[in-house]
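Numbering (our numbering), first residue to last: 4 to 538. Using N, Cα and C, we set each Cβ at its ideal position, and we do this for glycine too. The structure presented is a predicted model; accordingly, all values stated were derived computationally and were not measured.
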RNA sequence: GCCCCCGUAGCUCAGGGGACAGAGCGACGGACUUCUAAUCCGACGGUCGCAGGUUCGAAUCCUGCCGGGGGCACCA
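Below is the structure:
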């Protein structure tokens with residue numbers, strides 16, 4: 004990789020100058036073209052320790068790198084307070100093209116930082132009391148895309164939906180179904196949605212809230228699964244909460260905590276001491292005075308199952324910010340079970356609301372995910388939800404989303420892919436076969452539009468790693484848009500085939516186009532968006 | 001009261017120590033006899049909420065304040 008070569012060269016040049024290099028040599032791609040292809044701030048960073056002015060170090064470094072130039076470097080300049088800017092010959096980008104083509108869709112920007120570690124991503128996990136809504140869909144895209152990033156970086160991923168199929172929730176659902184079936188109004192705390200009403204008319208089981216609730220939850224879950232598949236999401240596991248709570252798992256988990264000497268009884272309740280594990284509260288209740296376990300106890304049993312029984316190396320829970328209050332006690336409880344804290348991550352997504360107000364099933368102002376998908380399509384929905392950080396509270400203006408759906412950024416990117424497919428088709432029609440890459444003169448690719456495309460492609464491996472580290476799949480969306488942007492510019496200014504394009508240039512450009520196709524395909528796949536051959 | 005997130009162009013958002021702050025949409029003006037105009041090009045548009053601080057350098061980090069959202073149960 005070019006960066007390593009440059010970093011090594013800089014490090015050894017600094018050594019010859021008697022300057023201690025910082026542990027990592029800061030090398031970045033400047034935002035401005037005139038600042039070169041790569042730029043280093045080592046002179047600025049090491050000035051203080053070296054006791055020399057940064058520009059003086061930069062000057063000496065630039066001279067060394069000019070005399071003993073690393074591969075592709077053809078001009079070195081000192082700029083600003085002490086940056087050393089490296090201007091590279093286009094050959095470095097031609098190597099990028101080869102890297103992309105050699106690796107292909109399967110291999111380019113694939114990393115093995117995970118070393119096969121088993122990661123579970125749990126997301127959505129909305130109660131099966133009705134179809135999931137657009138807000139849930141936002142986190143669904145996020146969780147799935149995060150899983151894709153983990154997969155591409157050498158992790159083994161399990162996508163999981165935790166199904167609340169137990170307790171009061173289910174009884175309220177059952178009571179709502181029975182009330183509807185009897186033609187009575189649903190209870191105050193019930194579910195009055197049209198979906199439940201529709202289910203009720205089909206219910207033929209016994210007049211029992213538990214039975215009716217379980218039946219309805221199963222039906223609803225089937226629908227949720229369908230909603231998820233409609234946005235290209237497939238779960239590996241639908242984990243039943245009842246399977247935890249109806250088993251001895253909760254009691255066992257509490258016993259385990261007791262064995263560790265962290266549990267005490269007071270006022271008829273059982274308390275877990277959590278203060279030592281980063282919880283701002285001293286203690287949390289595990290078993291209420293009425294003998295029932297708390298939600299926390301059940302959740303700890305579930306997480307014991309994830310982390311100690313199934314033994315995932317890393318568990319990532321994607322939650323809405325309205326569950327913020329659960330984080331500290333859960334993390335503390337998991338540590339109390341003896342699990343290293345870094346094995347459990349909770350990503351809180353800020354609230355998604357509609358211009359008409361916060362979405363709520365109870366309030367009845369939620370818009371079902373599948374309704375929006377029917378209108379704008381799954382790909383537009385995914386790009387829309389994956390274009391912004393989950394730290395950003397989002398307000399969706401549905402009228403606007405509908406109105407703008409035809410101009411969705413997704414089409415911009417997909418169109419680039421379709422154009423490429425079209426070029427390949429036309430080339431085949433005209434009998435223009437691509438020669439083996441080794442026989443093609445990539446040195447002909449010197450147009451600024453061509454180089455811009457290649458610069459974007461060179462960034463993808465870094466983008467993937469940063470997106471992974473920051474759990475920020477939207478960075479992939481930003482990148483893929485930029486690649487498409489540069490490709491459209493190339494497409495406009497640089498004909499691949501046609502009058503006045505020499506056969507050798509056609510060959511080089513066909514490979515550039517192919518490399519772009521690979522980049523777009525990788526980026527779109529990471530987002531779970533389709534890459535059409537034509538539009 | 002305490003905790004988390006956010007405040008960047010008219011709107012929706014990127015950028016989250018680096019050199020003159022970006023994109024889409026909206027509004028303005030151009031470009032199709034070639035591989036898809038779902039495209040391209042140009043111009044317009046900003047006290048990066050406010051005030052201090054750290055730094056060679058702050059939209060970015062720290063502190064305080066203002067504004068918005070969320071959370072602080074023997075509920076799930």
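Asked, Found
"If residue 511 and residue 454 are in contact, beta carbons under 8 Å, what's the gap, nearest whole angstrom?", "Actually they do not touch by this definition, with Cβ atoms about 12 Å apart."
"Would you identify the three-state DSSP class for residue 240, choosing helix, strand or coil?", "strand"
"Confirm, please, whether the CB-CB distance from residue 516 to residue 93 is below 8 Å.", "no"
"Which partner residues of residue 90 appear in the DSSP bridge assignment?", "78"
"Which class does residue 350 belong to by DSSP, given the choice of helix, strand or coil?", "strand"
"So, is residue 284 buried or exposed, given that buried needs 16 or more other C-beta atoms within 10 angstroms?", "exposed"
"Please work out which residues of its chain come closer than 7 Å, Cβ to Cβ, to residue 532, disregarding the five sequence neighbours upstream and downstream, and give them in chain order.", "382, 385, 386, 413"
"With residue 139 as the anchor, note down where its alpha helix (DSSP H) starts and where it stops.", "137-155"
"Using alpha carbons as the reference points, say which of 355, 481, 304 lies closest to residue 334.", "304"
"Evaluate the contact criterion for the region 296-313 versus the region 249-261: three or more CB pairs, one atom per stretch, below 8 Å.", "yes"
"If we count Cβ pairs, one from each stretch, closer than 8 Å, do we get three or more for the region 189-205 versus the region 140-158?", "no"
"Cutting at 6 Å between CB atoms, please list the residues of its own chain near residue 487, excluding the five before and the five after it.", "415, 416, 419"
"Secondary structure at residue 319, three-state DSSP: helix, strand or coil?", "strand"
"Do the CB positions of residue 17 and residue 10 come within less than 8 Å of each other?", "no"
"Does residue 473 come out as helix, strand or coil in the three-state DSSP assignment?", "coil"
"With C-beta atoms as the reference, is residue 392 less than 8 Å away from residue 477?", "yes"
"If contacts are defined as beta-carbon pairs under 8 Å, then residue 525 and residue 180 qualify, I think. What distance do you get, rounded to the angstrom?", "Actually they do not touch by this definition, with Cβ atoms about 46 Å apart."
"Please name the residue or residues paired with residue 272 in a DSSP beta bridge.", "269"
"Nearest to residue 316 by CA position, among 84, 158, 379, is which residue?", "158"
"In angstroms, rounded to a whole number, what distance separates the CA positions of residue 113 and residue 351?", "27 Å"
"Which residues bound the beta strand (DSSP E) around residue 397?", "397-399"
"Where residue 231 and residue 87 are concerned, what is the direct C-alpha to C-alpha distance, given to the nearest angstrom?", "50 Å"
"What three-state label does DSSP hand residue 423 in the structure shown?", "helix"
"Am I right that residue 345 and residue 319 are in contact with their C-beta atoms under 8 Å? What's the rounded C-beta distance?", "With a Cβ gap of about 11 Å, residue 345 and residue 319 do not count as contacting."
"Please name the residue, chosen from 441, 396, 379, 390, that lies closest to residue 404 on a Cα-to-Cα basis.", "379"
"How should residue 132 be labelled, buried or exposed, when 16 other C-beta atoms within 10 angstroms of its C-beta is the threshold for buried?", "buried"
"Within the region 17-81, note down every full alpha helix (DSSP H) run reaching 4 residues or more, in order along the chain.", "45-53, 57-70"
"May I have the straight-line CA-CA distance separating residue 444 from residue 106, to the nearest angstrom?", "19 Å"
"I need the DSSP call for residue 290, collapsed to helix, strand or coil.", "strand"
"Does DSSP put residue 519 in a helix, a strand or coil?", "helix"
"Do you know offhand how far residue 52's Cα is from residue 90's?", "27 Å"
"Under the rule that 16 or more other beta-carbon atoms within 10 Å means buried, what is residue 309, buried or exposed?", "buried"
"Using 8 Å as the Cβ pair cut-off and three pairs as the minimum, do the region 133-147 and the region 204-221 touch?", "no"
"Could you have a look at residue 115 and say whether DSSP puts it in helix, strand or coil?", "coil"
"Is residue 533 helix, strand or coil when you go by DSSP?", "coil"
"Quick one: give me the first and last residue of the alpha helix (DSSP H) that residue 338 is part of.", "327-339"
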